[in-house]
């Protein structure tokens with residue numbers, strides 16, 4: 047019975063976690079968004095890029111470098127960003143992340159975040175002005191701005207200017223910090239004789255549907271903090287006929303990928319109208335996150351100013367926390383730590399601290415596991431003491447089963463009476479497994495969603511703790527020159543790396559210390575568990591498998607010492 051309880055506990059615990067994260071988070075209806083009843087005031091100028099974005103349709107796309115070379119540009123050169131601003135349209139449409147690469151090797155290409163119009167799947171940031179009345183010439187995507195000399199750097203701002211020839215002088219000052227935050231100050235001076243009413247807007251636009259996330263554990267799509275609520279449940283399946291509109295005071299909005307984020311950040315206390323939109327342009331999908339400020343009237347001889355920011359870069363925990371502290375509400379929640387945020391983020395912060403102290407995140411995982419074991423040491427001791435007693439009672443349990451072979455109810459009644467007599471709780475043996483499941487799941491989330499784990503090496507053949515173990519016993523761990531997943535039918539299924547095998551062995555050894563089930567069905571089930579877990583975890587991040595193997599090893603040591611003292615080992 048004790049073994050059956052253990053199996054039931056494992057299955058139920060895993061099922062609950064899976065149901066909670068994979069089903070409830072995705073199926074539960076989102077909280078109602080605040081809406082405004084006024085007609086759409088979307089500025090006309092912001093609709094123009096959509097016409098140019100069709101150039102990203104299949105068959106018409108240029109290479110990214112060719113599209114960049116088509117228009118004059120101002121370079122962006124910071125310690126963490128490379129790229130340029132298109133002077134035609136003043137678009138932020140060319141940006142790569144200088145400290146992040148496509149592959150593990152630092153010689154691999156930099157990660158491309160923003161792409162220009164005319165290239166495949168353009169992705170850009172645009173700021174501008176919309177007029178409340180038609181006929182006012184405004185800067186648009188074909189407008190050629192004049193720029194001050196020099197590249198945009200953290201110590202050197204760039205100034206753009208454009209004259210509409212009708213009495214309005216547009217100016218823009220752009221600055222950037224040493225990370226991923228841009229500041230854009232737009233001003234309009236009215237040299238005419240009549241007042242003009244304008245509204246400022248910011249737009250993040252991406253064409254082409256990004257590949258779906260490889261796990262339901264993470265949100266990819268629209269994101270923002272609008273109307274006092276975090277909006278993190280709208281993916282790219284948003285219908286073109288159902289845009290989401292929010293009335294908000296400040297906040298932020300944009301697009302989140304697994305590791306990357308673009309976010310428009312209007313002034314903190316400015317009332318805005320924000321929209322998440324999906325546009326279908328002849329089979330080409332375009333996704334937009336747009337905000338528009340309140341109308342501003344610029345009188346003759348006067349000047350109006352709008353100050354905005356936008357973030358375009360990697361979702362680093364410390365960096366987003368720092369930006370949150372500057373007044374950007376809930377900006378740290380752009381990292382999808384999930385509903386177990388209260389557990390997942392502390393585990394990440396602990397792992398980050400240990401990794402920095404030890405100089406390796408893999409060693410940090412080992413130390414974190416040890417700390418968790420120490421925290422639950424008294425509870426685990428109680429569990430292993432109970433298992434020792436149950437193991438010593440196995441001969442008596444066997445006699446009871448032989449005494450009542452056809453009366454299962456009487457068997458259970460007599461077994462429970464024995465447990466009560468010696469003071470054993472049969473469920474106590476389940477505690478070590480149940481305790482580690484929340485930690486296991488939180489660590490899985492940390493390894494999967496935090497960029498700090500991306501390409502973080504361990505020792506030997508593990509060069510990326512967030513990816514699966516790259517080795518396989520089928521090709522003798524790299525000695526034979528073929529790739530196991532290419533074997534017809536069975537290659538991918540049997541591609542088990544070294545660390546999953548180590549984990550399976552430690553699980554088997556731990557199982558041998560547990561009371562052996564008398565029932566042959568239960569015995570076969572328990573014998574199969576290490577094999578099942580080995581295949582199941584083979585595709586999980588290597589860091590998670592290392593955690594599980596090390597946790598098993600510590601449990602074996604603790605359990606063996608206790609059982610030896612009681613004469614059960």
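In this note's numbering, the protein residues as written are 47 to 615.
For every residue, glycine included, the Cβ atom is placed at its ideal position computed from N, Cα and C.
Keep in mind the model is a prediction, meaning the values are calculated, not measured.
Local conformation of residue i per DSSP, three classes
i	result
residue 318	strand
residue 350	strand
residue 704	Outside the modelled stretch of the chain, which goes from 47 to 615, sits residue 704, for which no answer is possible.
residue 72	Unreliable positioning characterises residue 72 in this predicted model, as indicated by a pLDDT of 42, which lies under 50. The coordinate reading is nonetheless provided below. Of the three classes helix, strand and coil, the one that applies to residue 72 here is helix, per DSSP.
residue 607	helix
residue 595	helix
residue 485	helix
residue 199	strand
residue 281	coil
residue 169	strand
residue 111	helix
residue 621	Since the first residue shown for the chain is 47 and the last is 615, residue 621 is missing from the structure and cannot be characterised.
residue 211	coil
residue 408	helix
residue 362	coil
residue 327	strand
residue 95	Because the pLDDT at residue 95 is just 37, under 50, the model does not fix this residue reliably, and the value given afterwards should be weighed accordingly. In this structure, residue 95 counts as helix in the three-state DSSP scheme.
residue 497	helix
residue 545	helix
residue 184	coil
residue 67	Because residue 67 carries a pLDDT of 40, less than 50, the predicted location of this residue cannot be relied on, and the following value inherits that uncertainty. In the structure shown, residue 67 sits in a helix (DSSP, three-state: H, G or I).
residue 461	helix
residue 370	helix
residue 131	strand
residue 311	strand
residue 345	coil
residue 336	strand
residue 580	helix
Burial state of residue i (16 or more Cβ within 10 Å)
i	result
residue 349	exposed
residue 168	buried
residue 222	buried
residue 505	exposed
residue 111	exposed
residue 385	exposed
residue 391	buried
residue 448	exposed
residue 453	exposed
residue 257	exposed
residue 343	exposed
residue 270	buried
residue 371	exposed
residue 458	exposed
Beta-carbon proximity list for residue i, same chain, < 7 Å, skipping 5 on both sides
i	result
residue 394	363, 492 and 496
residue 264	304, 382, 494 and 495
residue 6	Residue coverage of the chain in this structure runs from 47 to 615, which leaves residue 6 outside it and unanswerable.
residue 519	542 and 547
residue 120	130, 131, 133, 193, 197, 198 and 204
N- and C-terminal bounds of the alpha helix (DSSP H) containing residue i
i	result
residue 447	440 to 449
residue 222	Careful: residue 222 lies outside any alpha helix (DSSP H), inside the beta strand (DSSP E) at 214 to 222.
Unbroken beta strand (DSSP E) run spanning residue i, endpoints
i	result
residue 146	137 to 147
residue 290	290 to 295
residue 396	Looking at the DSSP string, residue 396 is not in any beta strand (DSSP E); the run it does join, the alpha helix (DSSP H), is 387 to 404.
residue 227	227 to 236
residue 150	First-last for residue 150: undefined, no H or E at that position.
residue 271	267 to 272
residue 120	119 to 123
Cut-off 8 Å between Cβ atoms - residues of its own chain near residue i, not counting five sequence neighbours on either side
i	result
residue 189	134, 135, 136 and 208
residue 316	295, 296, 339 and 340
residue 415	593, 596, 597 and 600
residue 583	546, 549, 590, 591 and 594
Cut-off 6 Å between Cβ atoms - residues of its own chain near residue i, not counting five sequence neighbours on either side
i	result
residue 616	This structure gives no information on residue 616, because the portion of the chain shown stretches from 47 to 615.
residue 114	140 and 162
residue 321	289, 291 and 336
residue 219	203, 205 and 231
residue 217	207 and 233
residue 485	418
Chain D contact for residue i (CB, 9 Å cutoff)
i	result
residue 593	Judged by its chain identifiers, the structure shown contains no chain D, having just a single protein chain.
Residue i: CB within 8 Å of a non-hydrogen atom of the ligand SAM
i	result
residue 599	No copy of the ligand SAM appears in this structure; indeed no ligand is present at all.
> Contact between the region 213 to 231 and the region 286 to 296: three or more CB pairs below 8 Å?
Replying inline: Touching, no.
>> Closer than 8 Å is the cut-off here; do at least three beta carbon pairs connect the region 495 to 504 with the region 396 to 409?
In response: The region 495 to 504, when compared against the region 396 to 409, does touch it at the 8 Å Cβ threshold.
> Three or more C-beta pairs closer than 8 Å, one from the region 193 to 203 and one from the region 170 to 178: is that the case here?
Replying inline: The region 193 to 203 vs the region 170 to 178: no contact.
> Any chance the region 150 to 160 sits against the region 180 to 190, with 3 or more Cβ pairs inside 8 Å?
Replying inline: Short answer: they don't touch.
> At a cut of 8 Å, does the region 241 to 248 reach the region 268 to 284 through at least three beta carbon pairs?
Replying inline: A contact between stretches requires three or more CB pairs, one per stretch, nearer than 8 Å, and the region 241 to 248 fails this requirement with the region 268 to 284.
>> Count Cβ pairs between the region 499 to 513 and the region 577 to 597 that sit closer than 8 Å; are there 3 or more?
In response: Verdict: yes, contact present.
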